[in-house]
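Here the structure is laid out as structure tokens; the discussion comes afterwards.
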Amino acid sequence: MAAAVLERVGYLFYVVHPERTKFREVAEVPEYVREVLPIFAVVVILEQAVGLFKGGIRINDSITSIFQGVLHLMFKVVLRGVDTAAYLWVYQHLRWTTLPWDSTATWLLAMIGCDLGYYWLHRASHEVNVLWGAHQVHHSSEEYNLSTALRQSVLQHQVTWMFYLPLAFIGLPPPIFLVHAQFNTLYQFWIHTQHVRSLGPLEYILNTPSHHRVHHGRNRYCIDKNYAGTLIIWDRLFGTFAPEEEEVVYGLTHPLTTFNPLQIQLCHYKYMWDTFWSTPGFTHKLSVIFKGPGWGPGKPWRGVIEDIPDVHAPQEPYNPQLPTWCNVYVYCAAMMVIFTFIATANVLPHFTAMTTAAIFVFIGLSTITVGEMLDKNPLGFYLEMVRCLLYFPVESFVVASTPQLFAGLALYGIYALRAFYASCICFWAIYLARSVTIKTKSA
Numbered sequence: 001m002a003a004a005v006l007e008r009v010g011y012l013f014y015v016v017h018p019e020r021t022k023f024r025e026v027a028e029v030p031e032y033v034r035e036v037l038p039i040f041a042v043v044v045i046l047e048q049a050v051g052l053f054k055g056g057i058r059i060n061d062s063i064t065s066i067f068q069g070v071l072h073l074m075f076k077v078v079l080r081g082v083d084t085a086a087y088l089w090v091y092q093h094l095r096w097t098t099l100p101w102d103s104t105a106t107w108l109l110a111m112i113g114c115d116l117g118y119y120w121l122h123r124a125s126h127e128v129n130v131l132w133g134a135h136q137v138h139h140s141s142e143e144y145n146l147s148t149a150l151r152q153s154v155l156q157h158q159v160t161w162m163f164y165l166p167l168a169f170i171g172l173p174p175p176i177f178l179v180h181a182q183f184n185t186l187y188q189f190w191i192h193t194q195h196v197r198s199l200g201p202l203e204y205i206l207n208t209p210s211h212h213r214v215h216h217g218r219n220r221y222c223i224d225k226n227y228a229g230t231l232i233i234w235d236r237l238f239g240t241f242a243p244e245e246e247e248v249v250y251g252l253t254h255p256l257t258t259f260n261p262l263q264i265q266l267c268h269y270k271y272m273w274d275t276f277w278s279t280p281g282f283t284h285k286l287s288v289i290f291k292g293p294g295w296g297p298g299k300p301w302r303g304v305i306e307d308i309p310d311v312h313a314p315q316e317p318y319n320p321q322l323p324t325w326c327n328v329y330v331y332c333a334a335m336m337v338i339f340t341f342i343a344t345a346n347v348l349p350h351f352t353a354m355t356t357a358a359i360f361v362f363i364g365l366s367t368i369t370v371g372e373m374l375d376k377n378p379l380g381f382y383l384e385m386v387r388c389l390l391y392f393p394v395e396s397f398v399v400a401s402t403p404q405l406f407a408g409l410a411l412y413g414i415y416a417l418r419a420f421y422a423s424c425i426c427f428w429a430i431y432l433a434r435s436v437t438i439k440t441k442s443a
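Numbering follows full-length UniProt numbering, with no gaps: position 240 of the sequence shown is 240.
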């Protein structure tokens, strides 16, 4: 047990043995990301606890980041295979040669090739507006901690798959590609931290917390820098490297003022839509889509640095203040949503498509409701009452569809969720009734 946990911790640092991660068939490739979800949960909670003890951490932002990660993973399930179908087709029909799947040289080439592909994928996601529309989700947090790594777009994989196709052309077997695509992603989890300042000589080779802090900054010196996934050598080679200098201010150049996950996911596409129709000329309209997010008529591809607000630390983040009771409730509700998602992910293959859809719709509604409450939007509190009521028909449908899963400890989990949501319904019924009474008396 301990050895298995240590092995999975190693995934986060790309500390893996080639012989244990070579596979002949795609179906044999483990879902490494799903395997480390419990580790993600534990270390994020520990970091949040330390942050609360020391002060200076916003749990509302962290909850929002985690919810974006939940939505991202749910969409990966819904669109399962879409982002790798093109790779498989090119490999099967257009590859120039066939590299041996069981060769250590192939394994190392895959590691380097995937990382180089990620560099260009990541750079394009900052320099092409339609790609930035998805990637800006990851940069929308004004904090920088492990939960920030989980803040991902639901569309990211669907709009960036083409950057890995050169590996298919040269004959890199799909199973080896899928292994390294996952490890490249997992490596980038731990570098989202402010607790590690420097790794000494490794800073010249690896992408580190210091390098990635710069990438997440909205200071002018941070813009469009340090795109690396695992190896920082690509930024040094292609002229996009910048060392960490003054204190970094995190987030978008024009920060968002919402914790609603739908708005965070779609806000830039709405902005693009409005800009597209307000920009004169067909050529300029195409430029709105395919040039950089800072582009405008008469400006270079990526815009001009003078258009970026010249910010310096400290900056006041978006942080609506809720009553203590509301904070406690929202945090408990968020933990229940996260628990439900992790529990679902562990038994997902046993669910039918309809069962999975029911659970995912409920989780999606939960993220929106919690986001609205964090924004202090009164509508959020009414939606929460509806969400709690919906839990029981959703649970009944899921249990009836897969009764074999709900025995032993799983059954106690169901009892705990029932007790939680029943208590919530009673609480909100009393709270909303009192609110209506007070408003009636005031009128």
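Heads up, the beta-carbon is just placed ideally off N, CA and C, and yes, glycines get one too.
Practice task
Would you mind reading off the limits of the alpha helix (DSSP H) that contains F33?
Solution key: For the record, residue 33 in the displayed sequence is Val; it is not Phe. First-last of the alpha helix (DSSP H) with V33: 32-35.
Problem - Endpoints, the alpha helix (DSSP H) within which A105 is located - result: For A105, the enclosing alpha helix (DSSP H) stretches over residues 104-127.
Practice task
Pick out whichever of I176, I170, T367 has its Cα sitting closest to the Cα of Q263.
Solution key: T367
Handout entry: Helix, strand or coil at G200 according to DSSP, with G and I counted as helix
Key = helix
Practice task
Taking C388 and W428 to be in contact with their CB atoms under 8 angstroms, please state how far apart those CB atoms are, rounded to whole angstroms.
Solution key: 7 angstroms
Practice task
Take T402 and list the residues in its own chain whose beta-carbon comes closer than 7 angstroms to its own, dropping the five residues that flank it on each side.
Solution key: H350, F351, T355
Exercise for the section: Please state if the CB of K285 and the CB of R302 are separated by a distance shorter than 9 angstroms. Expected result: no
Problem - Those residues which DSSP pairs with G217 across a bridge - result: Y250
Problem - Distance CB(A149)-CB(W120) smaller than 9 angstroms - result: no
Handout entry: Whole alpha helix (DSSP H) elements within the region 242-316, 4-residue minimum
Key = Counting only runs of 4 or more, we get 261-278, 282-290.
Exercise for the section: Grab me the residues of V16's own chain with a C-beta within less than 7 angstroms of its C-beta, minus the 5 sequence neighbours each way, in chain order. Expected result: Closer than 7 angstroms at Cβ, skipping near neighbours: G10, F183.
Exercise for the section: Determine the DSSP secondary structure at L12, reduced to helix, strand or coil. Expected result: coil
Handout entry: Beta-carbon contacts of V347 that lie in its chain and below 6 angstroms, excluding the five residues immediately before and after
Key = L405
Problem - For L155, three-class secondary structure by DSSP - result: coil
Handout entry: Helix, strand or coil at L131 [DSSP, three-state]
Key = helix
Problem - Under the three-state DSSP convention, the category L231 falls into - result: strand
Problem - Where L374 falls: helix, strand or coil (DSSP) - result: helix
Handout entry: Own chain, CB closer than 8 angstroms to L116, minus 5 neighbours either side, in chain order
Key = W234
Exercise for the section: Please classify L99: does DSSP put it in a helix, a strand, or coil? Expected result: coil
Problem - Buried versus exposed, by CB contacts within 10 Å (16 or more), N60 - result: buried
Practice task
Would you check if there are 3 or more beta carbon pairs closer than 8 angstroms linking the region 213-233 to the region 120-140?
Solution key: yes
Exercise for the section: List the residues that DSSP assigns as beta-bridge partners of L206. Expected result: For L206, which the question treats as bridged, DSSP gives the partners L231.
Problem - Residue closest to I289, alpha-carbon to alpha-carbon, out of T275, P280, K299 - result: T275
Exercise for the section: Can you tell me which of L108, F362, A134 puts its alpha carbon nearest to the alpha carbon of H268? Expected result: A134
Exercise for the section: Classify residue 444 as buried or exposed, calling it buried when 16 or more other Cβ atoms lie within 10 Å of its own Cβ. Expected result: It is not possible to answer for residue 444, since the shown part of the chain is limited to 1 through 443.
Practice task
Would you verify that the beta carbon of L348 is, or is not, closer than 9 angstroms to some beta carbon of chain C?
Solution key: Absent here is chain C; the protein component of the structure consists of one chain.
Exercise for the section: Just tell me which of S103, P323, H215, L79 has its CA closest to the CA of E244. Expected result: H215
Exercise for the section: Tell me whether N145 sits in a helix, a strand or coil according to DSSP, three-state version. Expected result: coil
Exercise for the section: Going by CA-CA distance only, name the one from F169, G229, P174 that's closest to L186. Expected result: G229
Practice task
Decide if F259 is buried, meaning its Cβ has at least 16 other Cβ atoms within 10 Å, or exposed.
Solution key: buried
Exercise for the section: From the DSSP output, in three-state form, read off G69 for me. Expected result: helix
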